[in-house]
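One structure is given below, encoded as structure tokens.
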Amino acid sequence: MPSPSNHFVPKSRPHPVRSQLTIAFAALVVLALASATFADTHYYHHVFFDNSLAPDNYFYSSGTQTSPSTLVLLNDRLPVERDVVHTPPNALRIEWNSKQEGNWTAEVHVKHFRNREHEFEGSTLTFWLYSPEAIAAADLPLVRIADTDDGFSKPIPLATLIHGIPAKKWTRVDILLTQFTAASIRKLDPHRLQALVLSQGTSDNAPHTLILDDIQINSPTETKTPLAPIAPPQQVSAKGFERHVDVAWNATESASLQHYVIYRSLDGNHYDPVGIQEPGIHRYADYLGKVGVNASYKVAAQSWDGRTSAMSAAANAATHAMTDDELLTMLQEECFHYYWDQAGPKSGMSRENIPGNDRIVATGASGFGIMALITGVDRGFVTRDEGRERLEKIVTFLEKAPRYHGAWSHFMNDQTAATLPVFGMFDDGGDLVETAFLMQGLLVARQYYSHADAPEQALHARISKLWETVEWDWYQRTPQSDALFWHWSPDWNWQINHRLTGFNEIMITYLLAVASPTHSVAPGLYYTGWTDNAANNPKNDFLDGHTYFGIKLDVATKYGNPLFFTHYSYMAFDPRGLHDKYVDYFENNRNLALINRAWCIENPEKHKGYGPDSWGLTASDGPEGYVPNAPDKDDDVGTMTPTGALSSFPYTPDFSMLAFKHFYRDLGDRLWGAYGPRDAFNMDQNWFAPIYMGLNQAPIVVMTENYRTGLIWKLFMSNPEIQPMLTKIGFQPVPDTTAPAPTSPQK
């Protein structure tokens, strides 16, 4: 089973009439993209802490107390402060009483997420402190740092750095990194900061409170040297939905930009800061939690030296009741913007995750993103010409990118197209499964952009050439091999040696390999590779045949599998009414989803937050990193991934809608952001993913569209190579199929 974008782990209808507001909002985002400077990497090379997603305690923190001293903790973590903040919407609260023979420590840890380069730049550690009552310098805590290699420093008394904390006034603390000296047996590297530690100083036997915010590592030129005035954002726009308002603006082009500050007014006069947004993202989702709220918004730009620009002109919007059909369009549009706004500026390809590493674009996620792009064009989120121009950029990039017997690498550098071996030194060649995910998207785009005009015909021909030059047969290794293999590298050859055998997410690889007009493999490879002669091999995990929660499962590898098995190969390939030698995949996929939900309802592991409207275990990052979440004892760790239920709309529309409404209406204040639902959450640990994932947002867009109109299924299946492929493999119609035709949901 793959980790997200890591498969090493045993991993046209008529155009709708668009409202003028939707067109204006999309045009604004296009302008923002044109001038965007992607800044995730730079931002997180400096910012250690800005805000907490959870409103009660901060996941990336810890604390200890030794009696008789006390430290206020909430489930062993630092409480979140929401009333007094330096950067909205929250800060951290450190509340203690230091006594003789006792001790306490309060630790703030670095926020971990996929592909974050854990190396800070600058010479000075900076943070801000506030207290409701004055604290004398002698009564302030000690401060230490720890690095990622278990190195830690000697304590520095805050009393030697500042002259106490005045009441109700923010105080900045600056500590040169050279002031920290190692106290462990390891060399201390403050640029690989892992934790900021405050601990007991003077035992004064008195209660104190400090509010801590905006922890950064910067250089004096960024924090102290006056920078050029920064201009306020322009063309701010607001668009209201059922429970939230999307605010968007044009990028502010300035090297001194640290972040944007979003202000809200509910009376049209007084504006309060409600949140920030990092550079490179020019959208903000303000979750208001109910319908009928009228709000006005302004946006300012803040520089690294702490100065804030003037506020922008105001933009107004209101939340309002929405039908189920309108909610689905909202869901698709929000997730679509991940691929439209945040595509690599040079390549047009999809970034692996946001926030993340600006350089990395992902091949498979780009294929999914292309299908999301086609959906967005057809739904009027952007124009047909805008979509074509984006595809032309992607195709130009792919034409120049390194190929390994026609296959692209798993990851590429957005600026240079160079292969990026993200998963180790062997990961430096062709990835056939990621190439298949990409190609299914390109074949969908080829059929959509097939008008008779010259630009579309040229794009159609260029995609056809890319399709025809993938050497699927090379990845058979030898003519005698009975399966395809995942990777090949010119340096390492078949070192990874990963045979493609189901049941997993790779079915589309065999379908395309058989369908190839130029480098096809024998149809029998589908059965000796993908199904591995399941009927004749009782030890193979392909066939299941057991009943779980009263639901029969024909094909699986364990108790139900992560749900991405039912999504990745079926975003373009329409399984409805088709049966190979063993199974009707639509029915099997539906049953996988139903079993997944039934597991979450029974909840044998007793995780918080599971239930009839909170289900969908599938692969995602979690509190401790990547987990292939699935409905079995070993793979259910309490992490819920919204794409699991939401991308299952074609299989379980009513139950998916219940989950969608729960994720949006009940958890939206923590889970809903600029690009729809965040990647995952774990209620046991009060953890909400800081990222959106390229492999998880697009299936929501595409599979929801397949449920509503079947658009992406229709386009892919209309490719001339697909029906002959199905005939060669031996797919047969399913008599009296129970698979429903796509319909619009009940209003």
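The sequence shown begins at 10 in this note's numbering and counts up by one. Positions of the beta carbon are idealized from the N, C-alpha and C atoms, including for glycine. Since this is a predicted model, take the numbers as computed values, not measurements.
Query	Result
Stretch pair the region 261-268 + the region 190-210: three plus CB contacts closer than 8 Å	no
Boundaries of the alpha helix (DSSP H) in which residue 473 is found, first to last residue	463-477
Nearest candidate by alpha-carbon position, reference residue 627, set 130, 605, 444	605
Residue 95 and residue 223 closer than 7 Å at C-beta	yes
Classification of residue 346 by the beta-carbon crowding that lies within 10 angstroms, buried from 16 upward	buried
Through-space distance from residue 349 to residue 409, alpha-carbon basis	22 Å
Element boundaries [beta strand (DSSP E), containing residue 137]	133-139
Endpoints, the beta strand (DSSP E) within which residue 292 is located	292-296
Neighbourhood of residue 734 by C-beta distance below 7 Å, restricted to the same chain and skipping five residues each side	520, 523, 524
Span separating the alpha-carbon of residue 737 from that of residue 383	29 Å
Contact between the region 673-690 and the region 647-663 (3+ Cβ pairs under 8 Å)	yes
For residue 307, the three-state DSSP class (helix, strand or coil)	strand
Given 8 Å, three or more beta-carbon pairs between the region 237-249 and the region 306-314	yes
Beta-bridge partners of residue 248, as assigned by DSSP	255
Proximal residues to residue 739 (C-beta, below 7 Å), its chain only, five neighbours per side dropped	589, 590
Unbroken beta strand (DSSP E) run spanning residue 692, endpoints	Premise fails: residue 692 is in no beta strand (DSSP E) and is neither H nor E.
With 16 other Cβ atoms within 10 Å as the buried cut-off, status of residue 275	exposed
Enclosing alpha helix (DSSP H) for residue 406 [first to last residue]	393-409
Which listed residue (622, 118, 697) has its alpha carbon closest to that of residue 679	697
Three-way DSSP call (helix, strand, coil) for residue 516 in this model	helix
Three-state class that DSSP yields for residue 428 in the structure shown	strand
Under the three-state DSSP convention, the category residue 328 falls into	coil
Contacts around residue 592, its chain only, beta-carbon distance under 6 Å, and the 5 residues preceding and following it disregarded	563, 564
Assigned exposure category for residue 33 - 16 Cβ within 10 Å defines buried	No answer about residue 33 holds up, because its pLDDT of 38 lies below 50 and its placement is not dependable.
With 16 other Cβ atoms within 10 Å as the buried cut-off, status of residue 538	buried
Pair within 7 Å by beta-carbon distance, residue 422 and residue 360	no
Simplified DSSP assignment, three categories, for residue 159	coil
Residues near residue 58 in its chain [Cβ-Cβ closer than 6 Å; skip 5 each side]	117, 224
Runs of alpha helix (DSSP H) wholly within the region 545-624 (minimum 4 residues, chain order)	594-611
Inter-residue Cα distance where the pair is residue 126 and residue 358	21 Å
Buried or exposed (CB count within 10 angstroms, at least 16 for buried), residue 107	buried
Exposure label - residue 279; buried when at least 16 CB within 10 Å	exposed
Nearest residue (CA-CA) to residue 68, options 613, 49, 100, 622	100
Residue 201 and residue 156 closer than 7 Å at C-beta	yes
Rounded C-alpha distance that separates residue 147 from residue 377	58 Å
Separation of residue 609 from residue 624, as counted between CA atoms	6 Å
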